[in-house]
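Numbering (the working numbering), first residue to last: 473 to 957.
Each remark here refers to the structure printed beneath this line.
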Ligand code: UDP
């Protein structure tokens, strides 16, 4: 570990309360710690429990680290949220009336923590605040005390540039229907989208207002931290730094800071399949023969869709590891989608993981040769870091942009055929699943795709290694924060 770069600067990390936002922040804490920084993660009581285990494990391996958690009060019920609704996971599995508005309500309720944040900044006088995009109000809080605020969006430069150009030029307002294709103006490359996929909230809607605040804070903050590496999307990294944010530092793929088996296995810390069981299964397979199928930290496919995925994987004749999530039996959900006798038939051919998978461990295993992903950025960049070609199946958020990066810009992805947000979209048939999986796993084009993906994986490791682009960018940032003290 390189500790010379810094005297102990103190960095506050304030992730949004969702697994996809907290996991990369934990990796960033490790990265900053490796440069000698002291870190404090700011969060709510129930989320602190998720973070504590990972931090303890990390501190046990590196006893001289100073990593703390500051817990902010977040009274869900007083804020008009159901009890326990301080994590997006809760919302994904909430089936009662009003569930549709909960995410928006949660976004709006986070401002409740502003006062607590300011008191903490005032007493601790940190070197900087790395706060999630969903806390745009925190820029002002940090500035009040002369503390630089860095934004963390958790997505690619490419998506950030797309969003910027979409909101600047509004091409989606000039097309006939939500499924009419258009080129996003102002971007390097001809990126074709539809309004449906671009998923831009109207400025006048409550969500649109939040997005507007986020855009403003992006350009008024000290800068932006991006979980990517320069060589992956250099045209977009340059465009972003020149046109959008004041400054941007690329420090990824952050998941690559997890080098040891236990670190990779414990990442995310949800109830999990035993990693040894998973590894034993993978060990029995030939290199590159298994496709890993996972749709992120929450799974909202209908039973009907799950059935088609099951059938498509079976007919593709590929070995697979499929993370299906866990049904919430307390809320009366049942696992009714598996075809009759499926697991028995697939024994040895397919491993179904109910709950949480050690994703990075699986992706890095030599038996794995492809990844079916929803294109959440963490998964996408983890797939890139593992050097894998992907079947892309975006469902919402900014995932359709990430898909374009994987399929059209990088040439390492094959679209399963999802063209609309999952909540409105049509059923993807078993034939489509079968076709995309085969296309990624075998044939001449698959080989070329695999070679490109492998090369990107190697480039990712170079970027985070000694003297690499991400390694050096992080050092530059830490040095700068250090010199401001
Ligand atoms: N993840 C995991 N095990 C699982 C499902 C997800 O470790 O069973 C991790 C995955 O490695 C990634 C994160 O959870 O780091 C999901 O983030 P992503 O941006 O891909 O998707 P989101 O869940 O935010 O939609």
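Heads up, the beta-carbon is just placed ideally off N, CA and C, and yes, glycines get one too.
Fair warning: this is a prediction, and the values are worked out from it, not measured in the lab.
Beta-carbon proximity check, residue i vs residue j, cutoff 7 angstroms
i, j, result
"residue 543", "residue 501", "no"
"residue 607", "residue 682", "no"
"residue 613", "residue 590", "yes"
"residue 623", "residue 593", "no"
"residue 604", "residue 694", "no"
"residue 495", "residue 740", "yes"
"residue 909", "residue 769", "no"
"residue 638", "residue 602", "no"
"residue 687", "residue 784", "no"
"residue 660", "residue 707", "yes"
"residue 553", "residue 577", "yes"
"residue 855", "residue 843", "yes"
"residue 513", "residue 503", "no"
"residue 685", "residue 717", "no"
"residue 915", "residue 894", "no"
"residue 453", "residue 563", "Residue 453 falls outside the range modelled here, since the chain spans only 473 to 957, and no answer is possible."
"residue 900", "residue 888", "yes"
"residue 626", "residue 493", "yes"
"residue 771", "residue 808", "no"
Three-way DSSP call (helix, strand, coil) for residue i in this model
i, result
"residue 600", "strand"
"residue 869", "coil"
"residue 910", "helix"
"residue 698", "strand"
"residue 465", "In this structure the chain extends from 473 to 957, so residue 465 is not present and cannot be described."
"residue 566", "coil"
"residue 957", "coil"
"residue 809", "coil"
"residue 778", "helix"
"residue 948", "helix"
"residue 595", "helix"
"residue 758", "coil"
"residue 711", "helix"
"residue 722", "strand"
"residue 519", "helix"
"residue 510", "strand"
"residue 862", "strand"
"residue 887", "strand"
"residue 481", "coil"
"residue 474", "Its pLDDT being 49, under 50, residue 474 is placed unreliably by the model, and nothing is read from it."
"residue 556", "coil"
"residue 579", "helix"
"residue 672", "coil"
"residue 687", "helix"
"residue 851", "helix"
"residue 621", "strand"
"residue 845", "strand"
"residue 630", "helix"
"residue 540", "strand"
Sequence-distant residues of the same chain with beta carbon closer than 6 angstroms to residue i, five excluded per side
i, result
"residue 422", "The question about residue 422 has no answer here: the residues shown for the chain are numbered 473 through 957."
"residue 963", "Only positions 473 to 957 of the chain appear in this structure, which leaves residue 963 out of reach."
"residue 713", "720"
"residue 830", "737, 747"
"residue 475", "A caution first: residue 475 carries a pLDDT of 48, below 50, which makes its placement in the model unreliable, though a value can still be read off. Within the same chain, residue 475 has close Cβ partners 508."
"residue 560", "490"
"residue 481", "509, 599, 953, 954"
"residue 585", "544"
Cβ-based neighbour list, residue i, same chain, cut-off 7 angstroms, excluding 5 preceding and 5 following
i, result
"residue 762", "754, 791, 792, 793, 839, 840, 841"
"residue 628", "700, 705, 849, 874, 877"
"residue 927", "none"
"residue 925", "859, 860, 861, 884"
"residue 815", "824"
"residue 949", "721"
Nearest-angstrom Cβ-Cβ length linking residue i and residue j, presumed shorter than 8 angstroms
i, j, result
"residue 929", "residue 859", "2 angstroms"
"residue 863", "residue 825", "The Cβ separation is near 18 angstroms, so there is no contact."
"residue 483", "residue 598", "6 angstroms"
"residue 865", "residue 846", "6 angstroms"
"residue 953", "residue 600", "5 angstroms"
"residue 702", "residue 941", "4 angstroms"
"residue 529", "residue 734", "7 angstroms"
"residue 558", "residue 526", "That pair is no contact at about 18 angstroms."
"residue 857", "residue 727", "6 angstroms"
"residue 670", "residue 644", "5 angstroms"
"residue 811", "residue 779", "6 angstroms"
"residue 541", "residue 516", "The pair is not a contact, with the Cβ atoms about 10 angstroms apart (cut-off 8 angstroms)."
Own chain, CB closer than 8 angstroms to residue i, minus 5 neighbours either side, in chain order
i, result
"residue 751", "833, 837"
"residue 879", "864, 885, 886, 887"
"residue 617", "590, 593, 594, 597"
Any chain B beta carbon closer than 7 angstroms to residue i
i, result
"residue 677", "Going by chain labels, chain B is absent from the structure shown, which holds only one protein chain."
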